[in-house]
């Protein structure tokens, strides 16, 4: 599922969204959960979710504890990287069946108070938005990923009109595909 920041899924942890999809996949395919060799799920904003959110999703999704799972964090490419790793493990003969994808809930990312574990002696303390710091800020250059987009626009000479045309075409393709039922098997209700 895809939602809006602070919307209907704001109280649903990413691992519950992942578990919902895993449960649906098992039901729709008729796979025996114990036949799955591994689960690989991309997830960037992991703070506060507990250890290994992919494993939490797998077990809450109905997989036995014998099925290993790991979480990939490659920022925006996390879900795609998990699919690539799954493919690689199948091609090399390491695995036969792998569940792979990505899960995220930016609305669930916590505010952090750094250096607070042992208390503060004096002075003001600031909160850090883990969504912005861990998910949207280039740690080396200390700027938001939106600035990266602006830098690419300048570097490659992409006009505002070209960006808008691409965005409109992409949106129209997505709407048309959904209206034609092309995503019916991929859209899962969340309750």
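Numbering (UniProt numbering), first residue to last: 1 to 191.
Beta carbons: idealized from backbone N, C-alpha and C, even for Gly.
For residue 29 and residue 63, the gap between their C-alpha atoms comes out near 14 Å.
Excluding its 5 nearest sequence neighbours in each direction, residue 85 has C-beta neighbours in its own chain below 6 Å: 40, listed in chain order. One thing to note: residue 5 has its Cβ within 9 Å of the Cβ of residue 106.
In this structure, residue 21 sits near residue 103, with a CB-CB distance shorter than 9 Å. In the three-state reduction of the DSSP assignment, residue 94 falls in the coil class, being assigned neither a helical nor a strand state. Annotated three-state conformation of residue 41 is strand, per DSSP. The alpha helix (DSSP H) runs of length 4 or more contained entirely in the stretch 61-120 are, from start to end of the chain, 78-91. Taken through DSSP and simplified to helix, strand or coil, residue 24 comes out as helix.
Annotated three-state conformation of residue 139 is coil, per DSSP. Rounded to the nearest angstrom, the gap between the Cα atoms of residue 147 and residue 34 is 45 Å.
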